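Below you'll find the structure, written out as structure tokens, and then a few comments.
Number of protein chains: 4
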Amino acid sequence: MLGKIALEECWTIPEELSNNDPGKFVASGTGSRLTNELLDVHDMRLKQMDENGVDFMILSFVAPGCQGIPDKAKAEAQARLANDRIEAEVAKAPTRFAAFAALSMHDPAQAAEELRRCGEDGNGMLYFDQPEYDVFWKAAAELGAAVYMHPRPSNELIHKLMWEGRPWLDFSALGYADRLNMHILGIVTNGVLDRFPKLKILFGHMGEHIPYDLYRIDHKLDRGRFPNMPMRKDKLVRDYFGEQLFITTSGHFSTSALMFAIGEIGAHSIMFSIDYPFESIPNACVWWDDHVWPNINQHDYTNIGRNNVLKVLPRLTEEPHNLKPMTPRQCEDRF
Amino acid sequence: MLGKIALEECWTIPEELSNNDPGKFVASGTGSRLTNELLDVHDMRLKQMDENGVDFMILSFVAPGCQGIPDKAKAEAQARLANDRIEAEVAKAPTRFAAFAALSMHDPAQAAEELRRCGEDGNGMLYFDQPEYDVFWKAAAELGAAVYMHPRPSNELIHKLMWEGRPWLDFSALGYADRLNMHILGIVTNGVLDRFPKLKILFGHMGEHIPYDLYRIDHKLDRGRFPNMPMRKDKLVRDYFGEQLFITTSGHFSTSALMFAIGEIGAHSIMFSIDYPFESIPNACVWWDDHVWPNINQHDYTNIGRNNVLKVLPRLTEEPHNLKPMTPRQCEDRF
Amino acid sequence: MLGKIALEECWTIPEELSNNDPGKFVASGTGSRLTNELLDVHDMRLKQMDENGVDFMILSFVAPGCQGIPDKAKAEAQARLANDRIEAEVAKAPTRFAAFAALSMHDPAQAAEELRRCGEDGNGMLYFDQPEYDVFWKAAAELGAAVYMHPRPSNELIHKLMWEGRPWLDFSALGYADRLNMHILGIVTNGVLDRFPKLKILFGHMGEHIPYDLYRIDHKLDRGRFPNMPMRKDKLVRDYFGEQLFITTSGHFSTSALMFAIGEIGAHSIMFSIDYPFESIPNACVWWDDHVWPNINQHDYTNIGRNNVLKVLPRLTEEPHNLKPMTPRQCEDRF
Amino acid sequence: MLGKIALEECWTIPEELSNNDPGKFVASGTGSRLTNELLDVHDMRLKQMDENGVDFMILSFVAPGCQGIPDKAKAEAQARLANDRIEAEVAKAPTRFAAFAALSMHDPAQAAEELRRCGEDGNGMLYFDQPEYDVFWKAAAELGAAVYMHPRPSNELIHKLMWEGRPWLDFSALGYADRLNMHILGIVTNGVLDRFPKLKILFGHMGEHIPYDLYRIDHKLDRGRFPNMPMRKDKLVRDYFGEQLFITTSGHFSTSALMFAIGEIGAHSIMFSIDYPFESIPNACVWWDDHVWPNINQHDYTNIGRNNVLKVLPRLTEEPHNLKPMTPRQCEDRF
């Protein structure tokens, strides 16, 4: 498929490497490859995009990013630096790249301010569903920003308590999803989406388990037992999908899971993504181009592959990105 | 459907109530109903089974059971008491009931011994995938026992660290699944199933999220990064389903999720269950009888509803239970 | 679901009964019930619509209608009579009913003229994919009319040649679909949709087998062997769905088939319908309200149940029908 | 996947070419390729089987075969010749090939006798669901033979009446399925399977549309209107799948259609096939090896790819073919 847009794609800056060495998350000896891919925007990355029909990428500062820096002032400075740096990179090729702003999130008011300064969509890592963070969510909603929730490693205490003896499960195989689904549902059930009805939350990996358990989640959210749960009493978690909750395919290249998700939450709630460089661009695109097609119809296929994100993040249709919806015919490379 | 067998069905004894008051897990004012349903075997429970085409139930001592008692000796005594008591109940109607043995699990060797004493299938709550528990798994495998993994509430520390501010998510809506999928995958990836190839693990709620993420789990279990992960290097987690891993429908009455699971792990890996009294017998059976049928074919339908468990737990086909497989025709109430 | 719109719903006039006795298509002794239901618009029919959340019906003159009258002049007169009569019925309750025009189709030019006279969507029974019928298709396209293709009984010769010895298969169980899929694909492959790109074709029964075989149909339409097949060489049959081909659920109340069709041709290509009085309004609505929900997401559910037809037949949004799209929330009767 | 077995695979003899020139069914200029592939067994065919993991093929005499010869005596002689010839070919490599017997079917008693003479599974093309053919079905049932129903071109009269103006639809794109589903359902509804409960009917192309419409077929087989329909009154068409009706994937390489069929009729009712040489061996096998996997679980995958046919045609497990079931692990080429 031509014209694909991908939106959970990571990058980093040299100043971040000492704080967060990507090499520790991959097999021994492969860290430098990953580091190089994270630092690069316009070289190998763009070449692979061209070769694989990826028209556009929205970049995110690699997790844990500023949220992994304990000192508040340093974290905020790092966020500003990252945002300035990526703005410059995007400016070199705005028809191929945009970026989610990186946010330190130590201080909700400052995070809100940085989000405003960037005038842009906020980058996730927000594990905070409590009222004091409303100042941040308010700013995001006012900006029409969508917040992309990235998983991040557990802290030392949680790792020790829960994952010792099975550390390989603490990351992308399972722990990321287990933690992120808790935080997303925390945001929903604490009423954040109700207080800010223009707020949109995006998350990857085909929904971090949530679509599969949607019936059970709604069935078991026990308002009798927890009468003070803040979420609107006349809504189900299911109701937020396609309106305020959206998922991407990043890192879960399963056609059967995608087909299930289309039925359960609707094709308009789903967007293609890769999770580069933690996933390979060609692998993701071979899956999308050769395996997904033609197991789903061309309209949903084109919308998931490209058009949906232009509705979720309408600023992408304006200058300088100027992305336009494409028809199934325009996207098909069989012509 | 006539002849249904259900296998994640709870009961308790009066002596357990002070240790584990079921009332605290339900809406205020409804605890006594739940308590009565847990204590009852042959009265309301059997009546509802008759009214809803449930031929047989395998009972489990309600979680956390003996595993919720900190004192090892008291826990072991409680397990013995529970197992003796349920044996007596089963003996009153062995063609309608069997029971999983309750196990304290504080001391793996003692748990193994109690499992042997009961000569029976072991009851789950086993969060122990480390080598010292091999003595227990060995006993289970030698007995041909299948171990049913029940979720249980998180302990106080975990609850405080992860679920404060969103306590409604810590239980059946999400936390049970998040914790249990970690423990099940811990058992698998730590090689327990490889060391005991006759061991079978059962779990409910349509697989505690695992079937939906199976592609990603196998894709991301990073042997390069964790070369010492004990699971056999020539197997995927996917490979254990239908041979050593089995799921039930308990508490997740979603036809679409069931249809997905049939494709992903195979109908022979799935068994009907209710999760009574945390779920209603009529609700579960209306779902199975009126909603699932005829969205899946009659052979898989009959096998999931009844026959599969007779292969997974072949002792049920012998005296005193003497359950036999039934054909789709024998199970259909349209005749 | 509140607000449902149904569009393959039949009616007739007393003058048609001698030509086409509905009683011959049903079990002996039940013909008078069917006849009464066909003749009625505002009494039993409307009452059942109210009781079952059906907001609106588009009526079609029952097949074979005018196309079953061999004499051309009589057929045309019958079509005019039927169209005048239904116009009067619709005028009594235009917020609840509209009608497809009945067309004799003996003379394509006259059929086109009658379609213009009715200023309205054309009623199907068009087995004519040859160039001489372009005058009709042209008129339909100019009017922005959608043509609903109804199955009809085979003629005597075909019945004798193919269905003797198995007459029960010649009707709604199989023969209707086998004949209609031939005619629909005849229209598509003869290039009618290419010559009239604004033309829309609607058909019922979950697509008359076509969605299930779409891969094979496109795979096997052998342009090497039939170089003169008129359909555009750069399109697949698949490409017309959602743009010029649309299906309804009439008479095929299978959730699994619906879920498959959503994947294969897209939710936007599908519209709810009943096929009253050959199907029961409550049966169809219990299926839609209780069985389909929540196996598909609420957005697709609401669109299929109501909103899609307002895009396919936009005239329904204007006076006197004045139908408006509804949100999932407005349609849900759980509020 | 290693070890695949395919069972709708065609061949022919030079003596048949004058009666039935395969070249007329393909694009001009490609007939000789097809002819060569039909005549060949041990050369190109076997080479491609080796290259693509096809362990075994069951060969069928290409349609219309003997049934296309109007003269009864000549047809019977041709059937005997074909059967003798293929027996000799199979004898050269019985661990790689078996054959369905070719039958002229002009005279049911003679066809039955030829079937007995071949001591073997009968080759389809049987459009005869009337009582006089019971002598044939009886013989097939007594032999434990499964009858594979192949589509064939329509005769001249039907072609002229129904397909003129759209001849490209009369063959594999649509007409084959429309005619074959009529004949299969004719056999079922005329009670042939009831009279011969050991009889098994096999058909290709993912079920010739029937699985998708199964709900509607059973819903609409109107016993009130046709009280003398011979099929057992206590059975549905659905009930015969997996017991007496089986389908193959030949020529319909759609993963979504396969996944639907698994749900609707059960994985045990489905067998892999290619339809060589009308389909390409590598294309079919790339679909099976790379696209189907891992969208269905490995047990169903292995059973459909190989093991199911050994239950449907158990003679294949004996000498000289001596085929054995394989485990998912044995079939997987990732080891």
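Protein chains in written order, with full-length UniProt numbering: chain G, 1 to 335; chain S, 1 to 335; chain W, 1 to 335; chain R, 1 to 335.
Note that the Cβ used here is the ideal one computed from N, Cα and C, for glycine as well.
All of these numbers come straight from a predicted model, not from anything done at the bench.
| Check | Outcome |
| --- | --- |
| For the putative contact between Pro325 of chain W and Asn307 of chain W, defined by C-beta atoms under 8 Å, what is the C-beta separation to the nearest angstrom? | 5 Å |
| Measuring straight from C-alpha to C-alpha, what distance separates Met44 of chain W and Phe272 of chain W? | 21 Å |
| Skipping 5 residues on each side, what residues in its chain have a beta carbon closer than 6 Å to that of Tyr133 of chain W? | Pro108 |
| Please determine, among G:Gln110, G:Asp129, G:Cys66, the residue with the shortest C-alpha to C-alpha distance to Arg152 of chain G. | G:Cys66 |
| So the candidates are S:Val237, S:Gly207, S:Gly204; which of them puts its Cα closest to the Cα of His219 of chain S? | S:Val237 |
| Where does Lys24 of chain G sit, in a helix, a strand or coil, going by DSSP? | helix |
| Could you confirm whether any beta carbon from chain S is found closer than 8 Å to the beta carbon of Lys74 of chain G? | no |
| Give, in chain order, every residue of the stretch 276 to 303 of chain S whose Cβ lies closer than 8 Å to some Cβ of chain R. | Pro294, Asn295, Ile296, Asn297, Gln298, His299, Asp300 |
| Just to check my reading of the structure: Tyr215 of chain W and Phe253 of chain R have Cβ atoms closer than 8 Å, yes? What is that Cβ distance to the nearest angstrom? | 7 Å |
| Any Cβ of chain G within less than 8 Å of the Cβ of Arg238 of chain W? | yes |
| Measure the alpha-carbon distance for Glu16 of chain R versus Asp40 of chain R and round it to whole angstroms. | 14 Å |
| Just the C-alpha distance for Arg166 of chain R and Ile158 of chain W, rounded to the nearest angstrom, thanks. | 17 Å |
| Keeping to the same chain, check which residues put their C-beta closer than 7 Å to that of Ile58 of chain W; ignore five residues upstream and five downstream. | Leu7, Glu9, Ala98, Ala99, Phe100 |
| Touch check for the stretch 231 to 251 of chain W and the stretch 177 to 187 of chain R: three-plus C-beta pairs under 8 Å? | no |
| Please check if any C-beta of chain S sits within less than 8 Å of the C-beta of Ser18 of chain W. | no |
| Looking at Val312 of chain S: is its Cβ nearer than 8 Å to the Cβ of Lys200 of chain S? | yes |
| Which one or two residues does DSSP pair with Lys72 of chain R in a beta bridge? | BP columns for Lys72 of chain R are empty, so no partner. |
| Kindly indicate which residue of S:Trp168, S:Pro131, S:Ala111 has the alpha-carbon position closest to the one of Ala140 of chain S. | S:Ala111 |
| Tell me, please, whether the CB atom of Thr35 of chain R is closer than 8 Å to any CB atom in chain G? | no |
| How about the stretch 282 to 294 of chain R and the stretch 241 to 250 of chain W: do they share at least three Cβ pairs that are nearer than 8 Å? | no |
| Name the two residues that bound the continuous beta strand (DSSP E) containing Tyr148 of chain R. | 146 to 149 |
| Going straight from the alpha carbon of Arg116 of chain G to that of Tyr276 of chain W, what length do you get? | 57 Å |
| For Met162 of chain R, would you say it is in contact with chain W, using Cβ-to-Cβ distances shorter than 8 Å as the test? | yes |
| Straight-line CA distance for Ala75 of chain S to Met149 of chain S? | 18 Å |
| If you measure between the beta carbons of Phe241 of chain W and Ile265 of chain W, is that distance less than 8 Å? | yes |
| Within this structure, are the beta carbons of Val62 of chain G and Asn20 of chain G separated by less than 8 Å? | yes |
| Which word fits Ala177 of chain W, buried or exposed, when buried means at least 16 other C-beta atoms lie within 10 angstroms of its C-beta? | buried |
| Near Thr302 of chain W, which residues of its chain fall below 6 Å by C-beta distance, leaving aside the five closest residues on each side in sequence? | Pro328, Cys331 |
| Rounded to the nearest angstrom, what separates Lys72 of chain S and Met105 of chain S at their Cα positions? | 9 Å |
| Is DSSP giving Ala139 of chain R helix, strand or coil here? | helix |
| In angstroms, rounded to a whole number, what distance separates the CA positions of Phe128 of chain G and Ala77 of chain G? | 21 Å |
| Starting from Ser269 of chain R, trace the beta strand (DSSP E) both ways and give me its first and last residue. | Where Ser269 of chain R is concerned, there is no enclosing beta strand (DSSP E), given that its DSSP letter is neither H nor E. |
| So, helix, strand or coil for Cys331 of chain S, using DSSP? | helix |
| I need the boundaries of the alpha helix (DSSP H) containing Asp218 of chain G, first residue and last residue. | 214 to 220 |
| So, using beta-carbon positions, are Phe196 of chain G and Lys138 of chain G closer together than 8 Å? | yes |
| Flag this pair as yes or no: are the beta carbons of Trp11 of chain W and Asp222 of chain R separated by less than 8 Å? | no |
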